[in-house]
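Residue numbers (the numbering used here): 3 to 182.
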């Protein structure tokens with residue numbers, strides 16, 4: 003493969019005007035749900051522990067759960083449920099199967115707890131929502147011209163290309179609360 007020089011441009015079809023080639027947004031591929039080549043969703047490494055005794059600490063729950071694998075994160079809610087994130091999905095599966103064992107189970111302060119698989123919201127956030135063609139975040143902005151948003155040019159002697167009966171709509175302001 004021949005490398006391009008410093009000033010050479012990539013081969014693009016000459017039928018497309020230069021201004022459209024430079025402003026074209028990158029194409030986004032939307033994977034089909036029926037496609038067998040699509041990556042499978044990995045099982046979650048999060049388990050939900052219910053039936054914890056009152057006053058159970060994170061250290062007590064961690065000491066019980068570390069028998070099944072390395073724990074990356076633990077949270078205990080006020081309603082007596084805990085969320086344990088293991089470092090691997092196999093460790094989470096081992097904890098669930100140990101809790102289902104009728105002979106032993108998992109005991110915290112001599113009280114049997116129930117362990118089941120949970121869905122990890124951070125993993126779902128990373129995967130994201132399916133790409134929608136109507137999403138405003140992914141839609142390309144139309145470039146502003148000196149004549150405004152329309153394709154109509156100003157007529158000589160007129161001050162506006164719009165009808166005066168139509169109210170003037172300013173530019174839309176979009177604010178994001180997760181920037182800072």
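Backbone N, C-alpha and C define an ideal beta-carbon position, used for all residues, glycine too.
Model, not experiment: these values are computed from the prediction.
Query, Result
"For residue 47 and residue 120, the rounded distance between their alpha carbons", "8 Å"
"Separation of residue 59 from residue 78, as counted between CA atoms", "8 Å"
"Cβ neighbours of residue 92 in the same chain (closer than 8 Å, five flanking residues each side left out)", "71"
"Where residue 87 falls: helix, strand or coil (DSSP)", "strand"
"First and last residue of the uninterrupted alpha helix (DSSP H) at residue 65", "60-67"
"Among 112, 116, 108, the one whose alpha carbon lies nearest that of residue 69", "108"
"Cut-off 6 Å between Cβ atoms - residues of its own chain near residue 75, not counting five sequence neighbours on either side", "87"
"Own chain partners of residue 117 with C-beta closer than 7 Å, once the 5 adjacent residues on each side are dropped", "49, 51, 97, 98, 101, 108"
"Endpoints, the beta strand (DSSP E) within which residue 48 is located", "48-52"
"Exposed unless 16 or more other CB atoms sit within 10 angstroms - verdict on residue 84", "buried"
"Buried or exposed (CB count within 10 angstroms, at least 16 for buried), residue 54", "buried"
"Residue burial classification, residue 89 (beta-carbon count within 10 angstroms, cutoff 16)", "exposed"
"Cα-Cα separation, residue 63 to residue 110", "7 Å"
"For residue 77, the residue or residues it bridges with in DSSP", "85"
"is_contact[residue 70, chain D] using C-beta, thresh 8 Å", "Among the chains in the structure shown there is no chain D, since it carries only a single protein chain."
"Which residues DSSP lists as bridging residue 109, in chain order", "114"
"7 Å Cβ shell around residue 67 - same chain, five flanking residues per side excluded", "73, 86, 97"
"Local Cβ density within 10 Å of residue 80, reported as buried at 16 or more and exposed below that", "exposed"
"Residue 18 (DSSP reduced to helix, strand or coil)", "coil"
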